[in-house]
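Working notes, structure below.
Residue numbers (the working numbering): 8 to 406.
So this is what it looks like as structure tokens:
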């Protein structure tokens with residue numbers, strides 16, 4: 008072929024630009040669920056304004072720097088994104104091989120928390136202080152360890168083609184590996200995190216196709232265990248007070264029921280469109296305790312109104328919708344179980360947090376996923392997003 012013919016063929020052959028290569032169907036970027044990712048980004052980035060509004064006037068917390076919590080929240084958000092990217096890069100199959108190391112690491116952290124190394128915050132000995140104002144809450148990562156460990160145990164025989172559904176022995180082993188970190192967290196005591204972990208376990212059993220008797224048995228055990236814990240006096244006084252305030256909101260509105268009462272006032276006063284960002288009277292007046300963490304939803308309700316609060320709920324709904332799609336389209340049972348556990352985790356935690364702000368659920372000290380201030384929570388939920396994306400990336404590329 009002449010040089011002119013070669014040149015002409017080269018000119019006529021489509022050349023991929025950097026953008027087209029990035030968007031090619033065999034590219035990792037193409038395999039991402041962008042709707043899921045954008046919903047999480049919108050929640051975490053938008054929540055920075057809520058955290059800033061809740062803390063900029065609290066000199067006792069900010070050390071005189073109104074942007075103190077804003078910068079730290081954004082830093083936690085960026086670190087969460089990095090962890091998400093790392094999980095996606097590792098891939099679902101390789102994550103599966105690392106599960107024993109993750110599980111053992113989390114158990115070590117939980118044991119360290121129960122030792123003198125741990126510290127007590129709001130009645131729970133569930134934190135490890137790292138210095139420089141930073142701390143870690145291992146219970147957040149225990150949720151990940153539980154769902155990964157149970158996913159491996161319940162899916163091994165099914166994914167190997169030996170069975171169609173998990174055996175009773177596999178379910179029993181999975182529950183054993185779940186109970187160990189749950190028991191350690193309960194000793195702290197952190198009943199709120201244990202509630203979330205219980206929801207994760209139920210979601211995993213439902214997603215795995217395990218016999219219904221296991222689900223019914225876990226529910227019965229949970230009810231019986233709750234009654235036993237109450238009767239045996241194993242709850243701390245502050246936990247008893249929280250449940251009492253939930254059962255009777257008028258019991259002590261200036262004491263144990265103060266948080267819920269002020270939260271409902273803040274949300275109710277926001278109306279349809281709110282009082283405007285940084286202009287909430289309850290928020291500016293610092294009437295709602297722990298407003299940047301457990302009660303951050305009240306900032307949205309007061310300053311952004313029903314519209315802003317509904318936007319948060321809608322974005323959480325989008326995340327759950329995309330997670331359900333990933334669970335249905337997973338190529339193996341392991342991926343389905345991982346996605347099902349994350350769905351149960353995010354949905355129950357969001358419902359409990361928003362519910363306690365509205366007074367329809369007891370105060371349990373549970374953060375709102377992607378929104379509340381807190382590094383451990385932000386890191387954990389973005390690792391969850393990374394796991395969902397990794398499961399989705401296993402799907403074969405359509406021609």
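Where a beta carbon is used, it is the ideal one built from N, C-alpha and C, also for glycine. No experiment lies behind these values; they were computed from the predicted model shown.
Open item on the list: Just to confirm my understanding: we take residue 88, look at its own chain, exclude 5 residues before and 5 after, and list those with CB closer than 7 Å. What are they?
Closed with: 389
Open item on the list: Please tell me whether residue 409 and residue 348 are closer than 9 Å, where the distance is taken between their beta carbons.
Closed with: The requested residue 409 is not part of the displayed model; the chain covers only 8 to 406.
Task: Bounding residues of the beta strand (DSSP E) (the contiguous stretch that carries residue 280) - done: No beta strand (DSSP E) holds residue 280; DSSP gives it neither H nor E.
TODO: Could you tell me how far apart the beta carbons of residue 102 and residue 94 are, in whole angstroms, since I believe they sit closer than 8 Å?
DONE: 7 Å
TODO: With DSSP collapsed to three states, give me the class of residue 302.
DONE: coil
Task: Helix, strand or coil at residue 127 according to DSSP, with G and I counted as helix - done: strand
TODO: Could you tell me which residues DSSP puts in a beta bridge with residue 136?
DONE: 142
Open item on the list: Contact between the segment 284–301 and the segment 52–68 is defined here as three or more beta-carbon pairs at a separation below 8 Å; is this criterion met?
Closed with: yes
Open item on the list: Distance check for residue 344 and residue 178, CA to CA, integer angstroms please.
Closed with: 13 Å
TODO: Whole angstroms is fine: what's the gap from residue 371's alpha carbon to residue 334's?
DONE: 29 Å
Open item on the list: Does residue 95 come out as helix, strand or coil in the three-state DSSP assignment?
Closed with: helix
Task: Cβ shell of residue 340 (< 6 Å), same chain only, five flanking positions each side left out - done: 162, 165 and 166
Open item on the list: Taking 8 Å as the limit between beta carbons, can you name the residues of its chain near residue 55, skipping five residues before and five after?
Closed with: 77, 80, 81 and 84
Open item on the list: Less than 8 Å between C-beta atoms, sequence neighbours within five positions excluded: which residues of the same chain meet that for residue 184?
Closed with: 110, 153, 156, 157 and 160
TODO: Give the C-beta separation of residue 322 and residue 44 to the nearest angstrom, bearing in mind that I take them to be a contact with Cβ-Cβ under 8 Å.
DONE: Not a contact, Cβ separation roughly 12 Å.
Open item on the list: Using only the alpha-carbon positions, how far apart do residue 30 and residue 69 sit?
Closed with: Bear in mind that the predicted position of residue 30 carries a pLDDT of just 49, short of 50, making it too unreliable to give a figure here.
Open item on the list: Restricting to Cα atoms, I'd like to know which of 75, 189, 46 and 92 is closest to residue 400.
Closed with: 92
- [ ] Work out the CA separation of residue 275 and residue 288 for me, nearest whole Å.
- [x] 12 Å
Open item on the list: Can you check which of these residues, 211, 316, 273 and 360, is closest to residue 172 by C-alpha distance?
Closed with: 211
Open item on the list: Using a 10 Å radius around the Cβ and a threshold of 16 neighbouring Cβ atoms, would you call residue 208 buried or exposed?
Closed with: buried
- [ ] List the whole-angstrom C-beta distance separating residue 366 from residue 271, where the pair is believed to meet the contact cut-off of C-beta under 8 Å.
- [x] 5 Å
Open item on the list: Measuring only the C-alpha atoms, how far is residue 326 from residue 217?
Closed with: 25 Å
Open item on the list: List, from N- to C-terminal side, the alpha helix (DSSP H) runs of 4 residues or more that fit wholly inside the segment 188–244.
Closed with: 198–215 and 219–238
- [ ] Out of 41, 221, 384 and 149, point me to the one whose CA is closest to residue 176's CA.
- [x] 221
- [ ] Would you kindly report the start and end of the unbroken alpha helix (DSSP H) that includes residue 313?
- [x] 312–336
Open item on the list: Along the chain, where does the alpha helix (DSSP H) containing residue 289 start, and where does it finish?
Closed with: 288–291
Task: Boundaries of the alpha helix (DSSP H) in which residue 56 is found, first to last residue - done: 41–62
Task: Alpha carbon of residue 303 to alpha carbon of residue 196, nearest angstrom - done: 23 Å
Task: Residue environment, residue 352, which counts as buried when at least 16 other CB atoms sit within 10 Å - done: buried
- [ ] May I have the straight-line CA-CA distance separating residue 250 from residue 147, to the nearest angstrom?
- [x] 23 Å
- [ ] Closer than 8 Å by C-beta to residue 90: which residues in its own chain qualify, once you throw out the five before and the five after it? Chain order, please.
- [x] 386, 389, 390 and 393
Open item on the list: Measuring alpha carbon to alpha carbon, tell me which residue in 300, 318 and 398 is nearest residue 128.
Closed with: 300
TODO: Taking the CB atoms as reference points, tell me whether residue 355 and residue 206 lie closer together than 9 Å.
DONE: yes
Open item on the list: Tell me the rounded alpha-carbon separation between residue 402 and residue 337.
Closed with: 7 Å
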